[in-house]
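Asker: Per my numbering: the sequence shown = residues 1 to 145.
Heads up, the beta-carbon is just placed ideally off N, CA and C, and yes, glycines get one too.
For clarity, every value in this text was computed on a predicted model and none was experimentally measured.
This is the structure I have questions about; it appears just below.
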Amino acid sequence: MESNSHAYIKLVPASLKQTITTDELKKLFLYYKEITGKTGKQLGWDYDRYAFPYEIQETEEGKGRWFTLHSDMDRYSALIVAVNQEILKHQNEDRLQSYIQITLTSKSTHGDKAKANEFCKFLSKQLHGELHLFNNRVMYHYKRR
1 MESNSHAYIK
11 LVPASLKQTI
21 TTDELKKLFL
31 YYKEITGKTG
41 KQLGWDYDRY
51 AFPYEIQETE
61 EGKGRWFTLH
71 SDMDRYSALI
81 VAVNQEILKH
91 QNEDRLQSYI
101 QITLTSKSTH
111 GDKAKANEFC
121 KFLSKQLHGE
131 LHLFNNRVMY
141 HYKRR
């Protein structure tokens with residue numbers, strides 16, 4: 001696996017939120033786990049463990065800025081989830097834009113990359129964001145004019 005590949009979910013003016021915290025992101029991941037667990041129950045299968053094979057781990061160093069999704073399951077290792085902001089120039093004005101960054105570590109597996117793509121699409125749809133995938137393609141989950 002390539003080391004340190006990134007995907008981004010940009011919170012554009014048409015997004016539901018203009019900023020997001022790591023705590024809000026953790027809640028979205030827990031919501032994802034909850035809804036996939038309900039799907040599994042309906043199917044009579046322990047799907048939530050496979051749909052979200054990670055534990056959320058946050059260090060003092062990353063508190064409020066990033067956390068790790070770590071897995072002990074076969075075929076999965078870790079992902080890093082961070083929040084940040086960038087300054088964009090638009091019509092001679094500076095605009096602050098928040099974004100979520102999902103990073104594949106040097107230990108990440110193909111399973112991690114597949115889950116990261118799945119999580120990115122979920123987060124982008126929930127937030128009506130602009131998703132920049134690992135392969136540099138862009139998906140728009142907000143209403144465009």
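Determine the direct distance from the alpha carbon of T105 to that of S3, and round the result to whole angstroms.
Answerer: Because S3 carries a pLDDT of 49, less than 50, the predicted location of this residue cannot be relied on, and the following value inherits that uncertainty. Between S3 and T105, the C-alpha separation is close to 6 Å.
Asker: Can Y158 and S71 be called in contact, C-beta distance under 7 Å?
Answerer: Residue 158 is absent from the structure shown; the chain starts at 1 and stops at 145.
Asker: Under three-state DSSP, which class holds F122?
Answerer: DSSP places F122 in helix when its eight states are reduced to three.
Asker: Helix, strand or coil for D112 per DSSP?
Answerer: Looking at D112 - three-state DSSP - the assignment turns out to be helix.
Asker: Which one of A14, Y50, W66 has the shortest CA to CA distance from E118?
Answerer: When each option's Cα is compared against that of E118, the closest is Y50.
Asker: Alpha carbon to alpha carbon, how far is E34 from K27? Give it in angstroms, no decimals.
Answerer: About 10 Å.
Asker: Let's see if you can read the secondary structure: which residues bound the beta strand (DSSP E) around L88?
Answerer: Start and end: 78 to 90.
Asker: In chain order, what residues of the same chain have a beta carbon less than 6 Å from the beta carbon of K121, not counting five sequence neighbours either side?
Answerer: For K121, where only same-chain residues beyond five positions count, there are no Cβ hits under 6 Å.
Asker: Below 8 Å, can you find three or more Cβ-Cβ pairs linking the region 83 to 101 to the region 38 to 49?
Answerer: Not touching, per the Cβ criterion.
Asker: Kindly confirm or deny that the region 12 to 19 and the region 120 to 134 touch, where touching means at least three C-beta pairs closer than 8 Å.
Answerer: Segments in contact, yes.
Asker: Let me make sure I understand the geometry here. Which of H6, S5, A7, L11 has the alpha-carbon closest to that of K143?
Answerer: Comparing Cα positions, the closest option is L11.
Asker: D94 lies in the beta strand (DSSP E); which residues open and close that run?
Answerer: 93 to 104 is the extent of the beta strand (DSSP E) around D94.
Asker: Would you please state the rounded distance, in angstroms, between the beta carbons of I9 and L88? I believe it to be under 8 Å.
Answerer: At roughly 15 Å, the Cβ-Cβ gap does not stay under 8 Å, so I9 and L88 are not in contact.
Asker: Compute the Euclidean distance between the alpha carbons of T22 and A82, then round it to the nearest angstrom.
Answerer: Straight-line Cα distance between these residues: approximately 7 Å.
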